[in-house]
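Here's the structure, in structure tokens; my notes come after.
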Amino acid sequence: MSADVFISHSNKDKTIAEAICHQLEANGIRCWIAPRDIQFGSDWTEGITQGISSCKVFVLVFSDSANTSDHVRREVAKAFSLGLAVIPFRTEDVAPNRSLSYFLETVHWLDAFPSPTESYFGTLTDQIQRLLEQPVAANGDGGKHGLRQVAAVAAPAEVPAVQTVSKPPASQAKPAPRLEPKKGNGLKRTFVRFNLVFLPILAAAIGATAAIVRSNLQEGAQQQVVSMAKVMLETARASRKYTTEQIAPLLETLQPLDQQFHPQSIPFYAATEAFNYFRQTHPDFAYKEAAPNPTNPRDRTVDWEADIVNEFRNDTSKKELIGRRDTPLGPSLFISTPIKVDDASCLQCHSTPDKAPPGMVKLYGTANGFGWQSGDIVGAQIVSVPAALTEKLADNAFQSIFWWLIGIGVVVFGVTNGVLFWALRSAQRISA
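Basically my numbering = 1-based index in the sequence shown + 53.
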């Protein structure tokens, strides 16, 4: 069913979500809400995805329950990947967790507290109606098809007749006085003419130098951020290796996996959790071990991550992928490496459910994370960072360099004019 607004909510917020749906539809705004709009017998995930894709606006009923819901997090990620307008309708004074804040930290919130929550429905309705309206910008040039109109200039009414002046007799003619040019005026005119040419050249040279310097600084800042991301990937690999070779065997010795399963013994889990601690001091960076068929649902790929995994699968010789993508929060840089099953210990947990630790099967179920084979590329390690960070680094460096360029330009202007003044005065004294 085609709709205007997708309403995302947790099960505990069903009453509020249905009330919002009723309010919007009473005002002629078509809504998509689960489970009402999912056809009986159809796949739930596919229905949610189709529902989000059919809408223009995404309303998130945000509460403490929604903050911990994996379904809500995936719906928010899908909405941002499709470029929908997102309105978080916050019913409780709760800050979003790290996963949701990655998407929502720059979005304007609509706080629906203190109670009653229904008193904020009107504001929400008005905001959605404004988003759904798409006025066409008017042509501001004033002419048809954007053409500027030029006023005609009138020609002179008549040309005055030429007047003749009688020439005086030779005896009465007086010699014209000799006009001596003032030396100061000539020097001033020379300076003005010179600077009319020199100043534009100097300004163009400074501008071109500034543009080249800024471009080099941006490239250098991007290389710096990419180098930092590579170090993080190496750190994540080290964490994975440490977990596989030391933590997992130690836990197996202390308590066999068939008695109790510890997620900390899984490389995927350990690397991700270690990076989450890193993000506490470096919130601009994001790390994910994305897999199309993960054991933990939080590691499942979204659309652009699945494209990266498929590119590694299509070209197994490729060991690294660096790119730039557009997001609702602005451009983002990413660097990724493939995750390959090259350790037999991986197959202990991911080959078939009957070979996996019972504790893991009990925790995550048997639907995901199985069927892996040795040599398979099962996912990708991805570090992403907003491109605004590289621009910020470049801008900070460029500001100081720019003022240096201005200072150099002023010095060049002063020295050049001083030399010119000295040369002209010397020439005048010689010719005097």
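For glycine and all other residues, C-beta sits at the position ideal for the given N, C-alpha and C.
Checking the sheet assignment: what are the DSSP bridge partners for residue i?
i	result
Y340	V436
P384	D379
R353	A344
L163	F142
T390	Q434
S8	The structure shown does not extend to residue 8, since the chain is modelled only from 54 through 485, so no value can be given for it.
F374	Sequence check: residue 374 is Leu here, not Phe. BP columns for L374 point to S389.
From this set, the options, which residue's C-alpha is nearest residue i's C-alpha?
i	options	result
G175	I73, V362 and F166	I73
S106	V129, F115 and S122	V129
I300	A324, N269, E287 and S280	A324
D57	V112, S116, I82 and M413	I82
F466	F251, P411, E99 and K445	F251
G376	A138, L286, V279 and G462	V279
D356	K241, Q76, T102 and W162	T102
N80	R267, Q182 and F133	Q182
D368	I430, L113 and A289	I430
V125	F338, V147, S152 and A148	S152
A344	S318, G424 and L303	G424
S61	F93, N120 and E78	N120
G136	L382, Q333, Q180 and T243	L382
I461	T262, T178, E99 and A138	T262
P316	D379, P253 and A409	A409
F166	A87, T98, T159 and V114	V114
L458	A87, A258, D179 and L386	A258
E326	Q92, T380 and D352	D352
D379	V436, A440 and T159	A440
L11	P253, S318 and R293	Absent from the structure is residue 11, since the part of the chain shown begins at 54 and ends at 485.
R267	S63, Q452, G471 and F474	Q452
Q76	F455, T170, F328 and Y330	T170
I69	T243, S172, D360 and K372	S172
For residue i, count neighbouring C-beta atoms within 10 Å of its own C-beta (all shown protein chains included) and say buried if the count is 16 or more, exposed if not.
i	result
Y340	buried
G432	buried
Y322	buried
L442	buried
P336	exposed
N269	exposed
W85	buried
E358	buried
G422	buried
Q434	buried
R127	buried
V468	exposed
N449	exposed
A390	Ala is not the amino acid found at residue 390; the sequence shown has Thr there. When all chains shown are included, T390 counts as buried.
T348	buried
E342	buried
L249	exposed
S168	exposed
I388	buried
R246	exposed
L286	buried
F490	Here the chain comprises residues numbered 54 to 485, so residue 490 is not present and cannot be evaluated.
A282	buried
V438	buried
H403	buried
Y417	buried
A480	exposed
Can you list, in chain order, the residues of its chain whose CB lies under 6 Å from that of residue i, leaving out five sequence neighbours each side?
i	result
K65	S118
S116	D66, T144 and E145
P350	D123
A264	none
T296	P320 and A323
Starting from the C-beta of residue i, find all residues in its chain whose C-beta is less than 8 Å away, skip the five residues before and the five after it, and write them out in chain order.
i	result
D395	S427 and G428
L185	D57, I82, K109 and V110
R332	R151, F338, A339 and Y340
P406	V414, T419 and F423
R43	The chain is shown from 54 up to 485; residue 43 falls before or after that span and cannot be answered.
I392	E342, A344, I430, V431, G432, A433 and Q434
L255	G462, V465 and F466
E78	C84
Excluding the 5 residues preceding and the 5 following residue i in the sequence, name in chain order all residues of the same chain whose CB lies nearer than 7 Å to its CB.
i	result
I483	none
A204	Only weak support is given to the placement of A204: the predicted model assigns it a pLDDT of 35, under 50, and the question is left unresolved by the model.
F156	V129, A130 and F133
V218	Here the model assigns V218 a pLDDT of 40, short of 50, so the residue's position is not dependable, and the following value carries that caveat. No residues qualify anywhere along the chain.
W162	P141 and R143
T354	A343, A344, P345 and V362
K415	none
L446	A274 and Q277
P149	N120 and L157
Measuring from the CB of residue i, is there a heavy atom of the ligand SAM at a distance below 7 Å?
i	result
D179	Of the ligands one can find in the structure shown there are none, so the ligand SAM has no counterpart to examine.
Worksheet item: Fully enclosed by the stretch 407-462, which beta strand (DSSP E) runs are 3 residues long or longer?
Response: As far as the stretch 407-462 is concerned, its whole beta strand (DSSP E) runs of at least 3 residues are 430-439.
- Message: Extract the residue ranges of the beta strand (DSSP E) inside the stretch 78-152, only unbroken runs of 3 or more that lie entirely within it.
- Response: 84-86, 110-115 and 138-143
Within the stretch 264-325, note down every full alpha helix (DSSP H) run reaching 4 residues or more, in order along the chain. 301-307
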